[in-house]
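Undergrad: The structure's right below; bear with me while I get my questions together.
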Amino acid sequence: MNKIYLIAQREFLTRVQKKTFLLTTILLPLLIFGFYALMIYFQVKTGNNTKIAIVDKANIFNGKFQQDDEIEYKLVGNALTTPQLNELVELKKFDGYLVIPQSFNPNGKDTLQLSSGKSLGIMTREKIQGKFEKILEQQRLLSLNVSQSELDSIQNGNKIKFANISGQEDTATKVGISYGVGFASAMLIYMLLFIYGSMVMRGVMEEKTSRIAEVIVSSVKPFQLMMGKITGIGAVGILQFIIWIVLVIGLQMILLPILFPELMHHASQVAIQPVGVQAAKQIQDHGGIGAILDGFKQVNIPMIIGCFVFYFLGGYLLYSSMFAAVGSAVNEDPQDAQSLMLPIMMPIIFAIVIMTKAVNEPTSALAVFGSIFPLTSPIVMMARIAYGVPDTVPYWQLGLSAILLIAGFLGTTWIAGKIYRTGILMYGKKITWKEMIKWVVRKN
Amino acid sequence: MKNILELHNLKKHYATQKAVDDISFNVEEGSIFGLLGPNGAGKTTLLRMITGIIYPDTGSVLLDGKPFDPLNDIQNIGYMPEERGLYKKMKIGDHAMYLAQLKGLSKSDALTRIKYWFRRLEMESWWNKKVEDLSKGMSQKLQFVITVLHQPKLIILDEPFSGLDPLNANLIKDEIHELAKQGSSIIFSTHRMEQVEEICNHIVLINLGKKILDGTVSSIKQDFKENKFSIKLNRSVDTGYSNDLFKIIGQDKERLTLQMNSGVSSNDILLHFIKQGLMVESFNEILPSLNEIFIKLVEETKATTRAFQTV
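Keeping their order, the protein sequence lines are chains A and B. First residue of the first sequence? That's 1 in my numbering, and the numbers climb one at a time after it. First residue of the second sequence? That's 445 in my numbering, and the numbers climb one at a time after it.
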């Protein structure tokens, strides 16, 4: 044990003391935060950027026009001619104009034309289209002598509220967030497995090609060397992960309110309001940050982080020993590594495929199987856990998956240890999977 | 004399070949032992079994009279493999500390011993240099220090002089003698015969996984002598000259190389010349060099260099 610790210590320190470690550890969260901030920035600040001039010759709007979030409509005088309007667009006073001819009949099938300086984005087009459809629909209904109050009562839709049998609300936002969290955490595990797995593999290859392996195995058992390397690099991963979490949370809590004070104000307002039509409507209308912040409260964050750490460690231990075995079988030529890695990549890719199905159908048979089978469970289970324990993932499934994962990594470590022990001391010859299987089956 | 190491009928078979096929020999305590053999003879496999890196299929290894226990006996062995390397990015001092601690030395012990050896081999200024900045000979020296640092009872050196200049080779040679004097036993694996002749007391020659020669350097030379003598006389004699005592197989002015016939003693030859009134200025037996013995034996067993190390 002491020797494993010594080896792990060296592996850990040599990596952590490198400049690249500091760089990736600090830069990555900054980058993620930067993207995040940019996204929010555009969502918050880009409102009212499209200006549309409306020439309402048919007087459909009756001089009133309800403004929208991102598009500013302005009724301009009917006297303006087309060249004058074109000039306004060219002067960038407006992005486009729409002329409603005097002959326009809301009940007919007439089309309206919006002329714009530069092509409008799809989202903007849809919003304008939606806006006009809604207004014209109202016009049509009013022309059928439907009173405004009748109209309001029609539009006051009876919505279906989704809930689970224990009475907890199960809103679309919550499902969406579960989807997002599940997908993101599963992808993160997938990426970390690869990053740290190949780090182990490269470390083993380095030891083999630099011919230090034999020097070391004359002092320690090959298994100790392998385990030391795996634990050392695993510790690097955990440290990096902790730094990331602290940085990301810290940046969000400190920097976000400073950069976007109105957002935080808005969010707290949303949270305070009682759950009612008004709030629901607001959430729908604003369609985003408020609802997301609200929805996050319904996701069991400590549970997810706990499971994430467990499945990352389990998956890492399971796969990294196999990566170590592959590394031990590779000679000077890194190309060999790629063909040898294929059998390891397959279950991981398989897991990603199951995961994309599991985030949509977390209780389907395939998802349940994938989340219990140890080669795929680290990725697939993370996609399911976001939907809630124990309502989507019963305790027995979580327990069984955990036990199988532990058994799985003990198994792969044992097998990999046998391959590693022989491979690390073999030079000059290209090793095939067939030979490696022979080493595993062979008795000592 | 006590045996530090005894090998009894060691066998190791790989899928296609017998890497080590029934080898037994003993290494005396405090001796310098030469393990010789052509490339691919099974030397490395044998050494790996002695150091507990791999296990023999059958047979036993006794270290200091007790069965070899890989877990605890690692401390008693210092092994410098032929394929040796170091972590390139590590500092030399740190590297030595790391490997010393892996051998089971405490931090403070490791530090004092490394300092001692670095001073001894004039490496003190290297401490903070990186391994990648070392020349091949320099890293060889570092390897040697690491191997002997923990004062093992048995030191195994596989080709320790490859890449060393004569000055450093002599330095290491002196250290090997010194270590042997202090009671360590040294197994020295090589195919450089002149070094073996110079250093070793006892040798074993293996080929194709089998032991083909075992004995002290002098006894082996005696065994392989071909009764050749060199004699220097005060005047040259006729080359055609022969009798039933010897044949002349070479002549350089007054110096003759003789092949003695069987059943004849060297005194008979001397008497023969003395009787003829010739003055014998020098007379000595020509013993074969280990190199000649090696080549002869290996060619006899028809060693073709085997495929490069298949395991």
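Ideal Cβ placement from N, Cα and C applies to all residues, glycine included. The model shown is predicted, which means the values in this text are computed figures rather than measured ones.
If you reduce the DSSP assignment to three classes, tell me which class B/D517 lands in.
TA: It is helical.
Undergrad: Going by DSSP, name the residue or residues bridged to B/P511.
TA: Its beta-bridge partners are B/L506.
Undergrad: Do we get a CB-CB distance below 8 Å when we pair B/Y458 with the residues of chain A?
TA: Output row for B/Y458: interface = no.
Undergrad: Could you give the C-beta distance for A/I128 and A/I71, rounded to a whole number, given that I count them as a contact under 8 Å?
TA: That belief holds up - the Cβ atoms of A/I128 and A/I71 are roughly 6 Å apart, short of 8 Å.
Undergrad: Nearest to B/S550 by CA position, among B/R528, B/L530, B/M567 and B/L593, is which residue?
TA: Among B/R528, B/L530, B/M567 and B/L593, the Cα nearest to that of B/S550 belongs to B/L593.
Undergrad: Check whether the Cβ of A/K3 lies closer than 8 Å to any Cβ atom in chain B.
TA: Interface residue, yes.
Undergrad: For the stretch 527–539 of chain B, list every residue whose C-beta sits within 8 Å of some C-beta in chain A, in sequence order.
TA: Taking 8 Å as the Cβ-Cβ cut-off against chain A, the residues of the stretch 527–539 of chain B that qualify are E527, R528, G529, L530, Y531, K532, K533 and M534.
Undergrad: Report the rounded CA-to-CA distance for A/L136 versus A/P378, giving the unit in angstroms.
TA: Cα to Cα, the separation comes out at about 53 Å.
Undergrad: Would you mind giving the Cβ-Cβ distance between B/L734 and B/E641, rounded to the nearest angstrom? I have them listed as a contact below 8 Å.
TA: The pair is a contact, with the Cβ atoms about 5 Å apart (cut-off 8 Å).
Undergrad: Counting only beta-carbon atoms, is A/T231 nearer than 8 Å to chain B?
TA: Not closer than 8 Å to any Cβ of chain B, the Cβ of A/T231 fails to qualify, so no.
Undergrad: Using a Cβ-Cβ distance cut-off of 8 Å, determine whether B/Q545 contacts chain A.
TA: Yes, B/Q545 counts as interfacial toward chain A.
Undergrad: Tell me which residues share the same chain as A/A235 and place their Cβ nearer than 7 Å to its Cβ, disregarding the 5 neighbours each side in the sequence.
TA: Excluding positions up to five away in sequence, the list reads A8 and F12.
Undergrad: How would you list, in chain order, the residues of chain A whose beta-carbon sits under 8 Å from the beta-carbon of B/L495?
TA: Looking at the sequence itself, residue 495 of chain B is Thr, so the reference to Leu does not match. Within 8 Å Cβ-Cβ: S218.
Undergrad: In three-state DSSP terms, what is B/K831?
TA: In the structure as shown, chain B begins at 445 and stops at 755. Residue 831 of chain B is therefore absent and cannot be evaluated.
Undergrad: In the DSSP assignment, find the unbroken beta strand (DSSP E) run with A/I100 in it and report its ends.
TA: A/I100 -> beta strand (DSSP E) spans G96 to I100.
Undergrad: Does the pairing of the stretch 511–525 of chain B with the stretch 556–563 of chain B give three or more beta-carbon distances under 8 Å?
TA: Too few Cβ pairs lie closer than 8 Å, so no.
Undergrad: Does the Cβ of A/P83 have 16 or more other Cβ atoms within 10 Å, making it buried, or fewer, making it exposed?
TA: The residue in question, A/P83, is exposed, as its Cβ has fewer than 16 Cβ neighbours within 10 Å.
Undergrad: Taking the alpha-carbon positions, what's the B/G522 to A/V309 distance?
TA: When rounded, the distance between both Cα atoms is 41 Å.
Undergrad: By DSSP, does A/G287 sit in helix, in strand, or in coil?
TA: With a pLDDT of only 47 at A/G287, under 50, the local geometry of the prediction cannot be trusted, and the value read off the model is given with reservation. Reduced to three states, the DSSP call for A/G287 is coil.
Undergrad: Can you check which of these residues, A/R140, A/V76 and A/K118, is closest to A/N105 by C-alpha distance?
TA: Ranking A/R140, A/V76 and A/K118 by Cα distance to A/N105 puts A/R140 first.
Undergrad: For the candidate residues A/R10, A/V393, A/F61 and A/K221, whose alpha-carbon lies nearest to that of B/K533?
TA: Minimum Cα distance to B/K533 is reached at A/R10.
Undergrad: List the DSSP bridge partners of B/D465.
TA: Paired residues: B/K455.
Undergrad: Can you name the residues of chain B whose CB is closer than 7 Å to the CB of A/L31?
TA: Residues of chain B passing the Cβ test: none, with the nearest at roughly 27 Å.
Undergrad: On the CB-based measure, 16 or more other CB atoms within 10 Å of its CB, does A/D152 come out buried or exposed?
TA: Classification of A/D152: exposed, given that the 10 Å Cβ count is below 16.
Undergrad: Taking 8 Å as the CB-CB cut-off, is B/P525 touching chain A?
TA: Yes - at least one Cβ of chain A is within 8 Å of the one on B/P525.
Undergrad: What span of residues does the alpha helix (DSSP H) with B/L615 cover, start to end?
TA: Element bounds for B/L615: P610 to K625.
Undergrad: Go to A/A53, then tell me how far its beta strand (DSSP E) extends in each direction, as first and last residue.
TA: T50 to D56 is the extent of the beta strand (DSSP E) around A/A53.
Undergrad: Kindly indicate if chain C contains any beta-carbon less than 8 Å away from that of A/S210.
TA: Absence of chain C from the displayed structure is noted, the protein chains being A and B.
Undergrad: Which class does B/H594 belong to by DSSP, given the choice of helix, strand or coil?
TA: If DSSP states are grouped into helix, strand and coil, B/H594 belongs with coil.
Undergrad: Just confirm the distance between the C-beta atoms of A/Y311 and A/I189, as a whole number of angstroms; I'd bet it's less than 8 Å.
TA: The pair is a contact, with the Cβ atoms about 6 Å apart (cut-off 8 Å).
Undergrad: Would you identify the three-state DSSP class for A/Y5, choosing helix, strand or coil?
TA: Reduced to three states, the DSSP call for A/Y5 is helix.
Undergrad: Should the stretch 618–628 of chain B be regarded as contacting the stretch 464–478 of chain B, the criterion being three or more beta carbon pairs within less than 8 Å?
TA: Counting Cβ pairs under 8 Å, three or more are found: they touch.
Undergrad: Please report how far the alpha carbon of B/I739 lies from the alpha carbon of B/K697, in whole angstroms.
TA: One C-alpha to the other measures close to 30 Å.
Undergrad: On the DSSP letters alone, give me the boundaries of the beta strand (DSSP E) that B/K672 sits inside.
TA: Its beta strand (DSSP E) spans residues K672 to L677.
Undergrad: What distance in whole Å lies between the Cβ atoms of A/V359 and A/G182, which are believed to be in contact at a cut-off of 8 Å?
TA: Indeed, because the Cβ distance is near 5 Å, the residues count as touching under 8 Å.
Undergrad: Using 8 Å as the threshold, is the C-beta distance between A/I419 and A/A329 below it?
TA: Contact flag set, yes.
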